[in-house]
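So the protein lines, in turn, are chains G and P.
Residue numbers for the first sequence follow the UniProt record's numbering, beginning at 1 and rising by one.
Residue numbers for the second sequence follow the UniProt record's numbering, beginning at 1 and rising by one.
Before any comments, here is the structure.
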Amino acid sequence: MVLKWLTGNPGSRTKRILWSVLLLLMCMAPLFMTPFRLGLLTKFLALAILAVGLDLIWGYGGILSLGHGVFFGLGAYAMAMYLKLEASGTSLPDFMSWSGVEGLPWFWEPFRSFPAALILGMLLPALLALILGFFTFRNRIVGVYFTILTQALVMIVVTLFVGKQEWTGGTNGLTGYPSILGFNLNTPSTKIGLYFITLAALAGAYVLCRRIVSSRVGQVLEASRDGENRVRFLGFDPSRYKTFAFAVSGGLAGLAGMLFVLQVGIISPSMMGIVPSIEMVLWVALGGRGTLIGAIIGTVLLNSAKTGISEAYPEGWLLVLGALFVIVVVLMPKGLVGVWSKVVSSLSRRGGTVHAAVRKEG
Amino acid sequence: MQPYAKKVDFSVPVRGEVREIGISPIVLSAEDITVTFGGFVAVNGMNLALRKNELHFLIGPNGAGKTTMLDVICGKTRPAAGRVLLGDGLDITKKRDYEIAGLGVGRKFQAPSIFANLSVKENLELTLDPDRSVFRALKVRRNRCTTFEMKKVLEQIGLPDRLHVRAGSLSHGEKQWLEIGMLLLQKPRLLLLDEPVAGMTDEETMKTGMLLQDIAKACSVVVVEHDMDFVRSFAAKVTVMHEGKLLKEGSMAEIQRDPMVAEVYLGKRRETNAQAAGH
Ligand SMILES: Nc1ncnc2c1ncn2[C@@H]1O[C@H](COP(=O)(O)OP(=O)(O)OP(=O)(O)O)[C@@H](O)[C@H]1O
Ligand SMILES: [Mg+2]
Numbered sequence: 001m002v003l004k005w006l007t008g009n010p011g012s013r014t015k016r017i018l019w020s021v022l023l024l025l026m027c028m029a030p031l032f033m034t035p036f037r038l039g040l041l042t043k044f045l046a047l048a049i050l051a052v053g054l055d056l057i058w059g060y061g062g063i064l065s066l067g068h069g070v071f072f073g074l075g076a077y078a079m080a081m082y083l084k085l086e087a088s089g090t091s092l093p094d095f096m097s098w099s100g101v102e103g104l105p106w107f108w109e110p111f112r113s114f115p116a117a118l119i120l121g122m123l124l125p126a127l128l129a130l131i132l133g134f135f136t137f138r139n140r141i142v143g144v145y146f147t148i149l150t151q152a153l154v155m156i157v158v159t160l161f162v163g164k165q166e167w168t169g170g171t172n173g174l175t176g177y178p179s180i181l182g183f184n185l186n187t188p189s190t191k192i193g194l195y196f197i198t199l200a201a202l203a204g205a206y207v208l209c210r211r212i213v214s215s216r217v218g219q220v221l222e223a224s225r226d227g228e229n230r231v232r233f234l235g236f237d238p239s240r241y242k243t244f245a246f247a248v249s250g251g252l253a254g255l256a257g258m259l260f261v262l263q264v265g266i267i268s269p270s271m272m273g274i275v276p277s278i279e280m281v282l283w284v285a286l287g288g289r290g291t292l293i294g295a296i297i298g299t300v301l302l303n304s305a306k307t308g309i310s311e312a313y314p315e316g317w318l319l320v321l322g323a324l325f326v327i328v329v330v331l332m333p334k335g336l337v338g339v340w341s342k343v344v345s346s347l348s349r350r351g352g353t354v355h356a357a358v359r360k361e362g
Numbered sequence: 001m002q003p004y005a006k007k008v009d010f011s012v013p014v015r016g017e018v019r020e021i022g023i024s025p026i027v028l029s030a031e032d033i034t035v036t037f038g039g040f041v042a043v044n045g046m047n048l049a050l051r052k053n054e055l056h057f058l059i060g061p062n063g064a065g066k067t068t069m070l071d072v073i074c075g076k077t078r079p080a081a082g083r084v085l086l087g088d089g090l091d092i093t094k095k096r097d098y099e100i101a102g103l104g105v106g107r108k109f110q111a112p113s114i115f116a117n118l119s120v121k122e123n124l125e126l127t128l129d130p131d132r133s134v135f136r137a138l139k140v141r142r143n144r145c146t147t148f149e150m151k152k153v154l155e156q157i158g159l160p161d162r163l164h165v166r167a168g169s170l171s172h173g174e175k176q177w178l179e180i181g182m183l184l185l186q187k188p189r190l191l192l193l194d195e196p197v198a199g200m201t202d203e204e205t206m207k208t209g210m211l212l213q214d215i216a217k218a219c220s221v222v223v224v225e226h227d228m229d230f231v232r233s234f235a236a237k238v239t240v241m242h243e244g245k246l247l248k249e250g251s252m253a254e255i256q257r258d259p260m261v262a263e264v265y266l267g268k269r270r271e272t273n274a275q276a277a278g279h
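In structure tokens form, the structure reads like this:
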């Protein structure tokens, strides 16, 4: 009975109950977590927004991006620029005066306004993804070649951000902003507020992606992943579908970056570089690609592990990361969600309730 | 004469049906098509006119350029010279493949290429909606209702009870039919099929032939085929290609009487007869 309930047997009522319980638990988290732990959880949930968008293009569209750090970074910088300007008041941001800049560069101006920063934080990465997607997918650059291109994008953007120190803060990035809209970022009440905002944003991102994959767009994405040519001769232009999904994914990464900055209080080029970009893919792979929920689970688990391991053995993390990568690729190609449904189906087969398992596999 | 007829009892008259060749309107014409692959001329000034309600067979020895001809029509290959016109005069030579598909030219490649990971229903759903834009697609939920049209096509292709089966688990013949069904839902004006019965059992071949005749009642159908018995049983009109050129066009009887065709086909004919005897 319990097993049947856990497997989320087709009846949508059990599913709804399961979701409500989960959401209720998440809402009560501030009651039993210290502000520090809550802050960590908020950070993970923010990153999970990116992972959901990454799963949209990778799990459903078969497009592997190793460049999501850039979209994430653009969102993070957009928010940080606003915060920095708010903190500097009427004077120039500190790093600019150190580099001898006279006046605020024109492209910093829009970020004086909070709503503008909020919109640009999602719009800029979405637009960059749209442009990159438009030119690559239309010219049928797919698979490994596309992935390499996304890596090139990372290198270009990181180099630019490091090089233009007077505009971006260089290697140090942007930091030193204690408050947002007058709320101190470090007080427990602000932390709780940010937690709920992030939770809501994640829920929104999840619902958005769920809607996309359960619409015909998801169907066309999956179909072109399995046979792009065939889709073309059915009258679809797969490049438009891919570009659309890639832009949505970029925008979500930007949103994740904005919420992330509010938690950690700093963004620097190294946080949008190649290693973080690869790590993001691993979150999705570990959780199970093509499931959306797996992306969230993978992100929270891996980042918790990262925090725990880095606290104990600072150098250990990269080793664990490498090992995990091998294990996931070799032993669990469908990630944790895949392992879970396999266990559930073999258990319930023994228990005699075969239907649920068969439907899951189908 | 008709080896399939002995094994399967079919009450529908196959060749008795009256079909007025040359009277129905032209659906598509390819004019003076030349295709070269790095200096090698695969198709050389080929002409082809396809008419409504016609089951038109394109035959010829290996490497004659039949597949290439279909590729040109559906926009997969760009011709070096010549043009392709739709019946209403629209020039589609320079259009992109998905645009040509959107104009009602359906192409079936030789190997079955359905989407194995989607159900039969989801495969059919893909082609159901004539609007192929992203924004339209965002509004439509997948795997929802089964429409009347879908049921009709399922009946037609003989898979009425396989709606929820994963397409990858269908048999080879069923996959080919499903793919034809997907093309049918697009309400095409022209269907291009490359060796659709290759690898099918005699019974499946028979069924496919009857299906194609049925389809030709509503549009124009072009079939590239090597199986001469199949061509004999179902062809209304036959075009023979040889070394990228048009060799002969006419009814099957005319083709069989033609000495040039006989010469080109001599080797091939023996082979086919031997195969037929082996069955
Ligand atoms: N992409 C290509 N590059 C180079 N040569 C090609 C290409 N496609 C086809 N050819 C050549 O063009 C000629 C015509 O090929 P095509 O596939 O149209 O023949 P076909 O009549 O369909 O033959 P078959 O009956 O064997 O399928 C062949 O000699 C083939 O080798
Ligand atoms: Mg061929």
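All C-beta atoms, glycine included, are put in the ideal place defined by N, C-alpha and C.
Only a predicted model underlies this, so the values are computations on that prediction, with no experimental measurement involved.
Would you mind working out which of the options sits nearest residue i, comparing C-alpha positions?
i                      : options                       : result
residue 167 of chain G : G:97, G:131 and G:123         : G:97
residue 193 of chain G : G:12, G:31 and G:13           : G:31
residue 69 of chain G  : G:235, G:173 and G:254        : G:254
residue 114 of chain P : P:159, P:129, P:192 and P:177 : P:177
residue 201 of chain P : P:172, P:92 and P:263         : P:172
residue 154 of chain P : P:97, P:175, P:254 and P:41   : P:175
residue 60 of chain P  : P:145, P:151, P:88 and P:227  : P:227
residue 246 of chain P : P:206, P:31 and P:24          : P:31
residue 290 of chain G : G:225, G:326 and G:317        : G:225
residue 109 of chain P : G:152, G:234, G:277 and G:264 : G:234
residue 195 of chain P : P:205, P:81, P:252 and P:129  : P:205
residue 443 of chain G : G:78, G:139 and G:348         : No information on residue 443 of chain G is available, as it lies outside the stretch 1 to 362 that chain G covers here.
residue 149 of chain P : P:142, P:72, P:160 and P:135  : P:160
Please look up how many angstroms separate the CB atoms of residue i and residue j, rounded, as I've assumed it's under 8 Å.
i                      : j                      : result
residue 107 of chain P : residue 220 of chain P : Not confirmed; about 13 Å, so no contact.
residue 116 of chain P : residue 167 of chain P : 6 Å
residue 41 of chain P  : residue 244 of chain P : 6 Å
residue 33 of chain P  : residue 74 of chain P  : No, residue 33 of chain P and residue 74 of chain P are not in contact; Cβ-Cβ is about 13 Å, not under 8 Å.
residue 92 of chain G  : residue 247 of chain G : Not quite, the Cβ-Cβ distance comes to about 34 Å (not below 8 Å), so this is no contact.
residue 128 of chain P : residue 55 of chain P  : Actually they are not in contact, since the Cβ atoms of residue 128 of chain P and residue 55 of chain P sit about 25 Å apart, beyond 8 Å.
residue 65 of chain G  : residue 187 of chain G : Between residue 187 of chain G and residue 65 of chain G the Cβ distance is about 37 Å, and since that is not below 8 Å, they are no contact.
residue 67 of chain G  : residue 277 of chain G : 6 Å
residue 117 of chain G : residue 177 of chain G : Not really, about 12 Å apart at Cβ, beyond 8 Å.
residue 103 of chain P : residue 157 of chain P : Rounded, the Cβ-Cβ distance is 23 Å, inconsistent with contact.
residue 172 of chain G : residue 268 of chain G : 6 Å
Flag this pair as yes or no: are the beta carbons of residue i and residue j separated by less than 8 Å?
i                      : j                      : result
residue 210 of chain G : residue 282 of chain G : no
residue 303 of chain G : residue 44 of chain G  : yes
residue 260 of chain G : residue 181 of chain G : no
residue 191 of chain P : residue 222 of chain P : yes
residue 138 of chain P : residue 217 of chain G : yes
residue 126 of chain G : residue 251 of chain G : yes
residue 242 of chain G : residue 61 of chain G  : yes
residue 257 of chain G : residue 158 of chain G : no
residue 296 of chain G : residue 51 of chain G  : yes
residue 26 of chain G  : residue 174 of chain G : no
residue 17 of chain G  : residue 146 of chain G : no
residue 105 of chain G : residue 120 of chain G : no
residue 74 of chain G  : residue 212 of chain G : no
residue 46 of chain G  : residue 198 of chain G : yes
So, does the CB of residue i fall closer than 8 Å to a CB anywhere in chain C?
i                      : result
residue 210 of chain G : No chain C is part of this structure, whose protein chains are labelled G and P.
Return the bridge partner residues of residue i from the DSSP annotation.
i                      : result
residue 240 of chain P : P:59 and P:248
residue 37 of chain P  : P:40
residue 106 of chain P : P:191
residue 175 of chain G : G:266
residue 31 of chain P  : P:83
residue 33 of chain G  : DSSP, once it has assigned bridges, lists no residue as partnering residue 33 of chain G.
residue 141 of chain P : G:215
residue 46 of chain P  : P:33
Short-range partners of chain G found in the region 217-231 of chain P, where Cβ spacing is below 7 Å: none
Members of the region 158-184 of chain G that neighbour chain P once the beta carbon cut-off is set at 8 Å: none
Contact residues within the region 216-232 of chain G, judged by C-beta distance below 7 Å to chain P: 216, 217, 218, 219, 220, 222, 223, 226, 227, 230 and 232
Interface positions of the region 74-88 of chain P facing chain G (Cβ-Cβ less than 7 Å), listed along the chain: 74
Interfacial residues, the region 101-121 of chain P to chain G, with Cβ spacing under 7 Å: Cβ contacts with chain G: 101, 102, 107, 113, 115, 116, 117 and 118.
Contact list for the region 41-56 of chain P against chain G, Cβ threshold 7 Å: none
Chain-ordered residues of the region 137-161 of chain P with a beta carbon less than 9 Å from chain G: 137, 138, 139, 140, 141, 142 and 143
Members of the region 232-264 of chain G that neighbour chain P once the beta carbon cut-off is set at 7 Å: 232, 233, 234, 235, 236, 237, 240, 241 and 244
Chain G contacts from the region 121-132 of chain P (Cβ-Cβ distance under 9 Å): 122, 123, 125, 126, 127, 129, 130 and 132
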